[in-house]
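**Q** Going left to right, the sequence shown walks through residues 193 to 380 as my numbering numbers them.
Heads up, the beta-carbon is just placed ideally off N, CA and C, and yes, glycines get one too.
Just so we're clear, the structure is a prediction, and the values are computed from it rather than from any experiment.
My questions will all concern the structure given below.
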Amino acid sequence: MNKTKKTIFKAAIKTFSVYGYDGATMDQIASEAGVAKGTLYYHFKSKEEIFKYIIEEGMNLTKERLHEVVNAETNSIYKIKAVCKIQLSLVCENRDFFKVIMSQLWGQESRQLELREGINKYIIDIEKYVKEAMENGYIKKGESSFIAYTIFGMLCSAAIYELINKDKANIDELVDNIMNYILKGIEV
């Protein structure tokens, strides 16, 4: 990503998080990026194209970071724990990106469908670690896809908890709590 596109990327995330997709304008994105509107249009034809770009690039950055850390782990439980820590850390570091994603998950516009497909691919990665943990006997066998979606859902809920309680939340404690609930449930 060149310097100008990176600047536009960050500005678009900020603009979409403040105004939402429908309220954001190309003028606002250009202003936030500190570039001329013509420069913005040189790189992107439309607001829709910018949105798709930030989602694709944001998801790619998340996956790259995830694969770097997870590939260093040998224990499948630690891989799942690493997924939790990375996702929550990324939410803390990129609150605006998380807000944009959450705001656009529902609906039938092409950008929303593509976003859900990107999330699905991410969850398929989580499922790989769940299957590995099942095969290695760390967790009981079950519907791996549903478990992966459940883990993702717990992470989204924990991220919202962290966003609301940012002064009280500690990522390591959140991850430990999530792993405890995933592995042991909430039953006494």
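1. Does the separation of the CB atoms of I318 and G250 fall below 9 Å?
2. Give me, in chain order, the residues of the same chain whose beta-carbon lies closer than 7 Å to that of K197; leave out the 5 immediate sequence neighbours on both sides.
3. Please list the terminal residues of the continuous alpha helix (DSSP H) segment that includes F289.
4. In the structure shown, what three-state DSSP assignment does I378 receive?
5. Determine the DSSP secondary structure at S389, reduced to helix, strand or coil.
6. Run the CB neighbour count on Q300, radius 10 Å, all protein chains shown included, and call it buried at 16 or more, exposed below.
7. Taking only runs that begin and end inside the region 300 to 364, name each unbroken beta strand (DSSP E) of 3 or more residues, in chain order.
8. Does DSSP put N194 in a helix, in a strand, or in coil?
9. Where does the unbroken alpha helix (DSSP H) through A222 begin, and where does it stop?
10. Could you pull out every residue in the same chain whose Cβ sits closer than 7 Å to the Cβ of K239, ignoring the five residues on either side in sequence?
11. Check each candidate in N328, K255, C348 and I343 and name the one with the smallest Cα separation from Y373.
12. Out of M193, N194, G310 and I247, which one is the CA nearest neighbour of S209?
**A** The short version:
1. no
2. H235
3. Where F289 is concerned, the enclosing alpha helix (DSSP H) stretches over R287 to S295.
4. Note: I378 maps to coil in three-state DSSP.
5. The structure shown does not extend to residue 389, since the chain spans only 193 to 380, so no value can be given for it.
6. exposed
7. none
8. coil
9. M218 to A225
10. A216 and M218
11. Considering only alpha carbons, the answer is I343.
12. The shortest C-alpha separation from S209 is found at I247.
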